[in-house]
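A.B. asks: The sequence shown begins at 29 in my numbering and counts up by one. I am attaching a structure below and will ask some questions about it afterwards.
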Amino acid sequence: MKGFGNIVGIIVVGIMFVFKGYVIVIGQARPVLVALNKAEANMAIIDPGTMKVTGKVPVGEGPHEVVLSADGKTAYVANYGNRTPGNSISIIDIATAKEVRRVELAPLIRPHGIQLIGGKLYFTAEANRMIARYDTASNKIDWMMGVGQNVPHMVAGTADQKKFATANIGSDSVTIFEFPSGASNPGPSKITHVAVGKQPEAIDISPDGKEVWTGLNVDGMVEVVDAVTYKSVAKIDTKGRPYRVRFTPDGKTVVCTMLLPGGDVVVIDAATRKETKRIKLEGTPMGIAFSADGKTAFVTVVEPDAVLRIGLDSGEVTGRVETGIGPDGIAVAGT
């Protein structure tokens, strides 16, 4: 069976078995896209192929950010709250479209940015000026760290869990955390604060952990921080306020959703730090997620409210679905 190795990745229905040295994964979850409707306090489940909503799940008040497990079977939602501060994380089973657990975080308040790596859910507790970690296996908060800066909003980390960064809106800084032992023992750690421009909010770290990119709300720029020397090395004029700044999975491209002026998605070459494309959309773009190959972006937009599927090479919108009121946080798996 010479051609057998070429079809190993096909998703079929059945059980897992080994054939001639190949591990065949059967019954793998289908591709799934999820988006949070902040004004409705729910999460929409979407088929990314047909761009149709397949279910909606009530979550906590003011849900802002969401992540999916690698297999696409479970979603984790940060319930930030509205006038009343939120202090919980909703855990959603995608297959049944139900909240299976609500993790109470008190005394941690205002969970916002979240990232799931190897069964560990890292999140900011904005009101406490901390980042913390929830272990999905033990159902416990197993680690917390004070940032020492004001309003740590988003968090981004490397796949080996050895380096994380958060943007501190109220302190005009980026904080870089380094954990030599990784997930097994996150302390002792090295913490470095790097001064940046006014009101940094959006943030991401390059897959190799060498650079942190952050969006400056007031300055209308993206600032690049060298995560090895801890110095600001560049500012990129995005001609507006970058709401989210995200590396594609290969680390070669950075995509920014522009809150002001609304309607633009800016594509930047990570190596040259030059804008290569500006995609005009029907609404104001908010959250962004990528397919595994980085060629497709899924973007939430408001006014009008929808989720868009965009081909980054062509710059064309290839799919659209209305999910609810005020869509923001978004995640995708299995694409």
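Beta carbons: idealized from backbone N, C-alpha and C, even for Gly. These numbers come from a predicted model, not from an experiment.
Go ahead and label residue 292 buried or exposed: buried means 16 or more other beta carbons lie within 10 angstroms of its beta carbon, across all protein chains shown.
C.D. replies: Classification of residue 292: buried, given that the 10 Å Cβ count is 16 or more.
A.B. asks: Within its chain, find whatever has a CB closer than 7 Å to the CB of residue 288; leave out the 5 residues flanking it on each side and keep chain order.
C.D. replies: Hits under 7 Å: 268, 269.
A.B. asks: Would you please state the rounded distance, in angstroms, between the beta carbons of residue 328 and residue 356? I believe it to be under 8 Å.
C.D. replies: 6 Å between Cβ atoms; contact.
A.B. asks: Might you give, ordered along the chain, the residues of its own chain that have their beta carbon closer than 7 Å to the beta carbon of residue 232, omitting 5 neighbours on each side?
C.D. replies: Excluding positions up to five away in sequence, the list reads 184, 241, 273, 274, 275.
A.B. asks: Over what stretch of residues does the beta strand (DSSP E) that includes residue 162 continue unbroken?
C.D. replies: Note, residue 162: beta strand (DSSP E), 158-163.
A.B. asks: For the structure I just gave you, are there three or more beta carbon pairs, one from the region 311-322 and one from the region 252-264, closer than 8 Å?
C.D. replies: The answer is no - the region 252-264 does not touch the region 311-322, with fewer than three Cβ pairs under 8 Å.
A.B. asks: Using C-beta distances below 6 Å, list every residue in its chain close to residue 51, excluding the 5 sequence neighbours before and after it, in chain order.
C.D. replies: Note that residue 51 scores a pLDDT of 33, beneath 50, so its modelled location is shaky; the value from the coordinates is reported in the next line. Taken in chain order, the list of residues that qualify is empty.
A.B. asks: Which value, in whole angstroms, describes the spacing of the CA atoms of residue 49 and residue 205?
C.D. replies: Any reading at residue 49 must be qualified, since the residue scores a pLDDT of 35, below 50, and its modelled position is unreliable; the value itself is stated next. Answer to the nearest angstrom: the Cα atoms are 41 Å apart.
A.B. asks: Select from 187, 195, 152, 136 the residue whose C-alpha is nearest the C-alpha of residue 243.
C.D. replies: It is 195.
A.B. asks: Fully enclosed by the region 99-166, which beta strand (DSSP E) runs are 3 residues long or longer?
C.D. replies: Entirely contained in the region 99-166, the beta strand (DSSP E) runs reaching 3 residues are, in chain order, 102-109, 113-121, 126-132, 139-145, 148-153, 158-163.
A.B. asks: Could you spell out the range, first to last residue, of the beta strand (DSSP E) harbouring residue 168?
C.D. replies: Its beta strand (DSSP E) spans residues 168-174.
A.B. asks: At a Cβ threshold of 9 Å, is residue 352 touching chain D?
C.D. replies: Looking for chain D here will not work: only one protein chain is present.
A.B. asks: Would you call the region 65-73 and the region 82-97 in contact, with 3 or more CB pairs under 8 Å?
C.D. replies: Enough Cβ pairs lie closer than 8 Å, so yes.
A.B. asks: Which of helix, strand or coil does DSSP assign to residue 210?
C.D. replies: It is helical.
A.B. asks: By the three-class DSSP mapping on this structure, what secondary structure does residue 93 have?
C.D. replies: Correct three-state label for residue 93: strand.
A.B. asks: Excluding the 5 residues preceding and the 5 following residue 179 in the sequence, name in chain order all residues of the same chain whose CB lies nearer than 7 Å to its CB.
C.D. replies: Excluding sequence neighbours, residue 179 sits near 154, 196, 197, 198.
A.B. asks: Of the choices 137, 290, 220, 201, whose alpha-carbon is the least far from that of residue 111?
C.D. replies: Closest by alpha carbon: 137.
A.B. asks: Beta strand (DSSP E) containing residue 240: first to last residue?
C.D. replies: Per DSSP, residue 240 belongs to the beta strand (DSSP E) from 239-244.
A.B. asks: Could you check what DSSP says for residue 187 in three-state terms: helix, strand or coil?
C.D. replies: Reduced to three states, the DSSP call for residue 187 is coil.
A.B. asks: Distance check for residue 210 and residue 202, CA to CA, integer angstroms please.
C.D. replies: The straight-line gap from Cα to Cα measures roughly 20 Å.
A.B. asks: If we call anything under 9 Å between Cβ atoms a contact, is residue 247 one with residue 280?
C.D. replies: No; because the gap between Cβ atoms is not below 9 Å, this pair is not in contact.
A.B. asks: In three-state DSSP terms, what is residue 352?
C.D. replies: Here residue 352 sits in coil by DSSP.
A.B. asks: If I follow the unbroken beta strand (DSSP E) through residue 286, where does it start and stop?
C.D. replies: Unbroken beta strand (DSSP E) run through residue 286: 281-288.
A.B. asks: Identify whether residue 66 lies in helix, strand or coil by the three-state DSSP scheme.
C.D. replies: Three-state DSSP puts residue 66 in a helix.
A.B. asks: Check each candidate in 333, 304, 165, 151 and name the one with the smallest Cα separation from residue 313.
C.D. replies: The option with the nearest alpha carbon to residue 313 is 333.
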